[in-house]
Amino acid sequence: MTDPIILAVPKGRILEEALPLLARVGIVPEPDFGDKNSRALRFRTNLPEIDLIRVRAFDVATFVAHGAAQLGIVGSDVLAEFDYSELYAPVDLGIGHCRISVAEPADMAAKDDPRGWSHVRIATKYPHITQRHFAARGVQAECVKLNGAMELAPKLGLAPRIVDLVSSGRTLKENGLAEVEVIAEVTSRLIVNRAAFKTRAAEVVPLVDGFRKAAEGAAA
């Protein structure tokens with residue numbers, strides 16, 4: 001018997017938006033998947049040939065790139081940060097809308113102009129995206145890698161600016177920060193392991209088509 005296709009999905013906000021898409025594709029997770037107290041990470045679905053794993057957003061790309069999962073749902077921010085050659089991203093799912101932005105204390109932002117920067121010190125979990133963005137403008141970016149609580153960095157003197165995901169902007173505002181530049185708009189994508197796309201095409205291609213139709217239907 002062939003091993004099930006494994007679809008990696010991210011914990012948190014994107015997953016909530018992805019569940020209706022999964023349903024339109026015909027994939028319904030087992031009841032434990034919705035149990036917030038469950039410690040399980042791998043779940044069966046109504047389709048015996050498909051299992052789900054639920055992992056951190058940054059880890060979705062890693063699981064799929066290394067072939068531990070054949071497909072995944074992940075933000076374009078993660079794809080841009082890691083730039084795995086083993087990944088193919090055939091479908092923009094049109095969910096998880098947000099942006100990667102530069103922010104700084106509001107009082108600094110009121111009199112600052114990013115066009116005049118020559119060197120910046122930035123706290124971020126996106127060092128590669130940040131350095132590429134500023135290098136294209138001839139700006140040297142010194143990145144301090146953090147995995148969370150980015151908004152604390154300016155307050156505690158770790159770095160005067162941050163690069164982070166922004167959705168409503170409420171978290172920035174509540175921490176006295178303001179956006180000064182948008183680096184990229186972000187949406188979630190269906191990703192596929194390139195080797196699996198070839199070796200398990202009979203299973204993978206219909207799934208890709210199903211997600212494409214589901215995303216188009218949602219956008220209509």
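Under full-length UniProt numbering, the first residue of the sequence shown carries the number 1, and numbering increases by one thereafter. Just so it is clear, CB atoms sit at the ideal spot from N, CA and C, and this is done for glycine as well.
- Here Ala-23 is exposed. Its C-beta has fewer than 16 other C-beta atoms within 10 Å.
- Comparing alpha carbon positions, the residue from Ala-110, Glu-81, Glu-216, Ala-68 closest to Gln-131 is Glu-81.
- Looking at the DSSP output, Ser-118 sits in no beta bridge, so it has no partner there.
- In the structure shown, Ser-188 adopts extended strand secondary structure according to DSSP, grouped into three states.
- Taking C-beta separations shorter than 8 Å and ignoring five residues to either side along the sequence, the partners of Thr-187 in its chain run Gly-75, Ser-76, Asp-92, Leu-93, Gly-94, Ile-95, Gly-96, His-97, following chain order.
- Contact between the stretch 109-127 and the stretch 165-181 is established, with three or more Cβ pairs separated by less than 8 Å.
- Arg-99 places its beta carbon 8 Å or farther from that of Val-163.
- For Asp-164, the three-state secondary structure derived from DSSP is strand.
- Following the DSSP letters along the chain, one finds Val-102 in no alpha helix (DSSP H) but inside the beta strand (DSSP E) bounded by residues 98-105.
- Looking at the backbone, the Cα of Val-102 and that of Arg-161 are separated by about 7 Å.
- The way I'd put it, the stretch 9-24 does touch the stretch 49-64; three or more beta-carbon pairs between them come closer than 8 Å.
- Boundaries of the beta strand (DSSP E) around Gln-140: 140-145.
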